[in-house]
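There are 2 protein chains.
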Amino acid sequence: MEQRIDRIKKQLHSQSYKLTPQREATVRVLLEHEDDHLSAEDVYMLVKEKYPEIGLATVYRTLELLTELKVVDKINFGDGVSRYDLRQEGAAHFHHHLVCLECGSVDEIQEDLLDDVEKEVETRWNFEIKDHRLTFHGICHRCK
Amino acid sequence: MEQRIDRIKKQLHSQSYKLTPQREATVRVLLEHEDDHLSAEDVYMLVKEKYPEIGLATVYRTLELLTELKVVDKINFGDGVSRYDLRQEGAAHFHHHLVCLECGSVDEIQEDLLDDVEKEVETRWNFEIKDHRLTFHGICHRCK
DNA sequence: CTGTCAAATGATAATGATTATCATGATAAT
DNA sequence: ATTATCATGATAATCATTATCATTTGACAG
Ligand SMILES: [Mn+2]
Ligand SMILES: [Mn+2]
Ligand SMILES: [Zn+2]
Ligand SMILES: [Zn+2]
C-alpha cells in the first residue's frame with residue numbers, strides 16, 4: 009500500500025504534479041476498493057469519511073488526473089455514470105470485465121487472452137493497437 | 009432497404025408496437041448511415057430533414073425501442089454521448105470497433121474473432137456469454 | 001361511417017452527471 | 001517576507017437524457 013502510494017507520488021512529481029492530502033486520500037480510497045468499480049460520487053462519499061472537508065470538484069479533478077497518468081481507467085458500463093478502475097501496475101493493457109445481466113455484478117479478468125486476436129487485427133486491419141476495452145455480458149457463475 | 013424495413017416492421021408488430029411514420033423515418037436514417045455512429049442528436053437532425061415536425065423526445069424513444077428489439081446497439085466511446093449502431097441482421101454478437109487516437113475515426117470489424125476467447129471464458133470463469141463489447145484504441149491505417 | 005380508447009407524439013420542464021468559474025488558500029523558490 | 005504558481009472548495013453553468021402531460025393518431029367495435 010505505502011509503496012504503491014510512493015510510486016504514484018513519484019509518477020506525479022515526474023510530471024510536476026504534487027501529491028496533496030486530498031489527492032492522497034483519494035488514491036487511498038481507490039486502493040482500498042481495488043476490486044470495485046466506483047463512480048466519482050462513490051469515491052467522493054468514501055473520501056469524505058477520512059477527509060470531510062474535501063470538495064466534489066477536487067475528486068473529479070483528481071480522478072481526471074489519475075486517468076491521464078494511467079493510474080486508473082475511466083470506464084462506462086452503460087448506466088449513466090463513469091466508473092474509475094485502478095489499473096494493474098505495469099500492465100500493458102486494461103483488464104476485462106464480466107457483467108452479469110441477472111444480478112448486475114461486475115467481475116474482472118486480469119489475464120490478457122487477446123494476444124492472438126490482436127496480432128490478427130494488427131496485420132489484417134493494419135491498425136496499431138495501444139489499448140483495448142473488452143466486456144462480456146451474460147450470466148455469472150453465481151446466478152447459474 | 010425496403011425489405012429490411014419490412015422485417016423491422018414485423019419485428020415491431022410481433023411485440024405489438026406499430027411502425028409509425030416517425031419511427032419509419034428514424035429507421036431510414038439509421039439504414040442510410042449504417043457505417044456511422046450517430047448520437048441521438050445526430051439522428052434527430054438527420055430525421056428532421058425528411059420529417060421536420062418530429063420531436064427530439066420521439067427520437068430518443070424510438071432509439072430506446074430499437075435497442076430493446078436489438079435492431080441497434082447503444083454504445084459509448086467515452087465522449088459524453090451514447091451512439092446508436094445498427095446491428096448486422098442475424099448476427100449473434102455485436103461487432104468490434106477500432107478507434108483511432110490520432111484522428112478519432114471509428115472503423116468496424118464485422119468478423120467475430122472471439123470464438124476461442126469466449127470458449128475459454130465460459131469454461132474457466134463459468135460465465136455464460138450472451139454478448140460482448142470489444143474496442144481497440146490505437147493508430148488507424150490512415151494515420152500510420 | 002362515427003365514437004371509443006390505448007398507444008404515440010411533441011413541447012417543455014426536470015433531473016443528474018460533469019465541467020467551468022472564481023475567490024481563497026497552500027506551497028516552494030527567490 | 002514576497003511573489004508566483006498550483007490546488008482547492010463552493011457554486012453556477014452546461015448538456016444529455018428522462019419525465020410529464022396535454023394533444024393527436026389510428027385501430028377497432030358498434
Ligand atoms: Mn475492473
Ligand atoms: Mn459500429
Ligand atoms: Zn449474476
Ligand atoms: Zn487515424
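Line order of the protein sequences matches chains G and H.
Read left to right, the first sequence gives residues 9 to 152 (our numbering).
Read left to right, the second sequence gives residues 9 to 152 (our numbering).
The beta-carbon is built from N, C-alpha and C at its ideal position, and this holds for glycine as well.
- Only buried fits H/Cys148, as 16 or more other CB atoms lie within 10 angstroms of its CB.
- Taking the Cα positions, H/Glu10 is about 22 Å away from H/Glu76.
- Here G/Val114 is not near G/Arg95, since their CB atoms are 8 Å or more apart.
- DSSP places G/Tyr52 in the uninterrupted alpha helix (DSSP H) bounded by Ala48 to Lys58.
- Contact between the stretch 57-77 of chain G and the stretch 19-27 of chain G is present, with at least three C-beta pairs closer than 8 Å.
- When Cβ-Cβ separations below 8 Å define contact, H/Arg31 makes no contact with chain G.
- Straight through space, the alpha carbons of H/Leu109 and G/Arg31 are spaced by roughly 28 Å.
- Chain order is used for the residues whose beta-carbon lies nearer than 6 Å to a heavy atom of ligand 3, namely G/Cys108, G/Glu110, G/Cys111, G/Ser113, G/Cys148, G/Arg150 and G/Cys151.
- Chain H places no beta carbon closer than 8 Å to that of G/Glu76, leaving this residue out of the contacts.
- Only those residues of the stretch 123-143 of chain G whose C-beta falls short of 8 Å from the nearest C-beta of chain H are listed: Asp124, Val125, Glu126, Glu128, Val129, Trp133, Asn134, Phe135, Glu136, Ile137, Lys138, Asp139, His140, Arg141, Leu142 and Thr143.
- Residues Glu130 of the same chain have their beta carbon placed closer than 7 Å to that of H/Glu136, with the five preceding and five following residues left out of the count.
- Among the residues of the stretch 85-101 of chain G, those with a Cβ less than 8 Å away from any Cβ of chain H are Gly86, in the order of the chain.
- The continuous stretches of beta strand (DSSP E) do not include G/Lys18, which lies in the alpha helix (DSSP H) extending over residues Glu10 to Ser22.
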